[in-house]
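Chemist: Numbering (the working numbering), first residue to last: 3 to 252. Note that the Cβ used here is the ideal one computed from N, Cα and C, for glycine as well. My questions will all concern the structure given below.
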Amino acid sequence: MPVPHPSSSPRGALTALVTGGGIRVGRAIVLALGRAGFDVIVHANRNVDAAAEVVAELHKLGRQGRVEQADLSSADGPSQLASRIQSLSLLVNSAARYEHVAFADVSRAQLEKMFQVNVFAPFLLTQALRPALEASGSGCVINITDMAVSHAYTDTHFFSHYLASKAALEQLTRAWALELGPKIRVNAVAPGPVAMAAETNDEQRRSILTRVPLRREGSPDDVARAVAFLAQAPYVTGQTLRVDGGLSVV
């Protein structure tokens with residue numbers, strides 16, 4: 003499927019960039035922002051066809067959109083993506099790498115790639131797009147982290163390098179809120195048991211959900227609604243909104 007041709011947004015329109023916006027949680031975020039009145043630039047790396055389908059859904063909602071392809075795991079991927087964006091009011095750092103690897107087996111290359119996608123790419127994108135976000139008059143950055151950073155709810159022995167990267171991104175959320183204010187707000191959404199990883203077996207799933215006050219697994223739409231809320235909450239910055247069915251209070 004061809005990538006839709008970039009289209010211009012009406013003067014004064016809110017424009018968002020969602021990294022990893024073609025599938026799963028990223029896809030839900032794109033559509034929630036479209037329903038909230040945003041035009042959306044959908045970033046993808048391998049899932050370009052899926053991203054193009056999301057853009058088609060945006061058009062049905064009466065919003066503008068386009069796909070921008072970039073490999074955020076490469077050193078110059080973030081700068082290449084940022085160079086193709088002229089105006090922006092919202093950046094959602096949703097693209098993420100996840101691996102299920104025992105701590106003893108994590109290689110330096112795996113650790114570096116995890117941090118490249120989950121930490122360095124959001125850092126460099128936010129840095130490069132800061133002027134555009136400030137110029138918008140309503141600049142906002144939302145990072146997608148993970149509630150397991152502070153409340154482990156499943157076997158954490160096999161993704162410590164992933165948790166380390168998400169912990170770094172959550173701390174950056176607070177640091178950026180201080181440094182980029184007052185022109186740019188920065189918040190995070192930390193999903194809990196939402197669209198659980200394929201490695202989660204039925205027994206683990208049952209064990210997790212018996213501890214969730216709402217007794218059910220969350221959906222990508224639950225995360226997307228939280229992102230849309232933070233995008234439109236002008237007096238909220240430096241906060242992490244946990245979307246976990248109440249698990250973090252148990």
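State buried or exposed for valine 196, treating a residue as buried only when at least 16 other CB atoms are found within 10 Å of its CB.
Modeler: Within the sequence shown, residue 196 is the residue found at index 194, counting from 1. Classification for valine 196: buried.
Chemist: Work out the CA separation of serine 89 and glutamine 241 for me, nearest whole Å.
Modeler: Within the sequence shown, the letter at position 239 stands for residue 241. Within the sequence shown, the letter at position 87 stands for residue 89. The alpha-carbon atoms of glutamine 241 and serine 89 are separated by roughly 25 Å.
Chemist: So, for serine 167: in the same chain, excluding its five sequence neighbours on each side, which residues have a beta-carbon less than 6 Å away from its beta-carbon?
Modeler: For the purposes of this step, residue 167 is identified with residue 165 of the sequence shown, where counting begins at 1. Met116, Phe117, Asn120, Val121, listed in sequence order.
Chemist: Kindly list the residues whose CB is nearer than 7 Å to the CB of arginine 13, restricted to its own chain and excluding five residues on each side of it in sequence; keep chain order.
Modeler: The residue given as residue 13 occupies position 11 in the sequence shown. In this prediction, arginine 13 has a pLDDT of 41, which is less than 50 and means its spatial position is unreliable; what the coordinates show is noted afterwards. Nothing listed; no residue qualifies.
Chemist: Taking the runs of the beta strand (DSSP E) that are 3 residues or longer, which of them lie wholly in the segment 121-198?
Modeler: Complete beta strand (DSSP E) runs here, min 3: 141-146, 186-193.
Chemist: Assign glutamate 201 to one of two classes, buried (16 or more other C-beta atoms within 10 Å of its C-beta) or exposed (fewer than that).
Modeler: Counting from one through the sequence shown, the residue named residue 201 turns up at place 199. When all chains shown are included, glutamate 201 counts as exposed.
Chemist: Under a Cβ-count criterion, where at least 16 other Cβ atoms within 10 Å of its own Cβ denotes burial, should valine 252 be classed as buried or exposed?
Modeler: Against the sequence shown, residue 252 aligns to sequence position 250. Under this definition valine 252 is an exposed residue.
Chemist: Using the rule of at least 16 other Cβ atoms within 10 Å of the residue's Cβ for burial, across every protein chain shown, is threonine 128 buried or exposed?
Modeler: Mapped onto the sequence shown, residue 128 falls at position 126. Buried, because 16 or more other Cβ atoms sit within 10 Å of the Cβ of threonine 128.
Chemist: Nearest-angstrom Cα distance between proline 184 and proline 236?
Modeler: Position 182 of the sequence shown holds residue 184. Position 234 of the sequence shown holds residue 236. Answer to the nearest angstrom: the Cα atoms are 11 Å apart.
Chemist: Could you check how far apart the C-beta atoms of threonine 21 and serine 96 are, in whole angstroms? I think they sit under 8 Å.
Modeler: Locating residue 21 in the sequence shown gives position 19, where the first residue counts as 1. Locating residue 96 in the sequence shown gives position 94, where the first residue counts as 1. Right, the Cβ-Cβ distance comes to about 5 Å (below 8 Å), so this counts as a contact.
Chemist: Check glycine 24 in the structure and name its three-state DSSP category.
Modeler: Within the sequence shown, numbered from 1, the residue matching residue 24 stands at position 22. Reduced to three states, the DSSP call for glycine 24 is coil.
Chemist: Using C-beta distances below 7 Å, list every residue in its chain close to glutamate 59, excluding the 5 sequence neighbours before and after it, in chain order.
Modeler: Mapped onto the sequence shown, residue 59 falls at position 57. Excluding residues within five positions, the ones whose Cβ falls inside 7 Å are Leu33.
Chemist: For glutamate 70, count neighbouring Cβ atoms within 10 angstroms of its own Cβ and tell me buried if that reaches 16, exposed if not.
Modeler: In the sequence shown, residue 70 corresponds to position 68, counting from 1. Looking at its Cβ environment, which holds 16 or more other Cβ atoms inside 10 Å, glutamate 70 is buried.
Chemist: Buried or exposed: leucine 249, going by 16 or more other Cβ atoms within 10 Å of its Cβ?
Modeler: Position 247 of the sequence shown, counted from the start, is the residue given in the question as residue 249. Burial call: buried.
Chemist: At which residues does the beta strand (DSSP E) containing phenylalanine 40 begin and terminate?
Modeler: As a first step, residue 40 must be located in the sequence shown, where it is residue number 38. It spans 40-46 - the beta strand (DSSP E) in which phenylalanine 40 sits, taken as one unbroken run.
Chemist: Below 8 Å CB to CB, which residues in the same chain sit around tryptophan 178 once its five sequence neighbours on both sides are set aside?
Modeler: On the sequence shown, position 176 is the one that residue 178 refers to. Correct list, in chain order: Thr128, Val143, Ile186, Val188.
Chemist: Please report the straight-line C-alpha distance between arginine 29 and arginine 65, rounded to a whole angstrom.
Modeler: Sequence index remark: in the sequence shown, residue 29 carries index 27 (1-based). Sequence index remark: in the sequence shown, residue 65 carries index 63 (1-based). C-alpha separation (whole angstroms): 15 Å.
Chemist: May I have the straight-line CA-CA distance separating proline 80 from alanine 106, to the nearest angstrom?
Modeler: Taking the first residue of the sequence shown as 1, we reach residue 80 at position 78. Taking the first residue of the sequence shown as 1, we reach residue 106 at position 104. Their backbone Cα atoms lie some 30 Å apart in a straight line.
Chemist: Quick one, are the C-beta atoms of leucine 182 and asparagine 145 less than 8 Å apart?
Modeler: The residue given as residue 182 occupies position 180 in the sequence shown. The residue given as residue 145 occupies position 143 in the sequence shown. No, the Cβ-Cβ distance between leucine 182 and asparagine 145 is not below 8 Å.
Chemist: Using the Cβ count rule (16 or more neighbours within 10 Å means buried), how would you classify asparagine 203?
Modeler: The sequence position of residue 203 within the sequence shown is 201, counting from 1. When all chains shown are included, asparagine 203 counts as exposed.
Chemist: For a test of the three-state rule: what should DSSP assign to arginine 29, helix, strand or coil?
Modeler: Position 27 of the sequence shown, counted from the first residue, corresponds to residue 29. Here arginine 29 sits in helix by DSSP.
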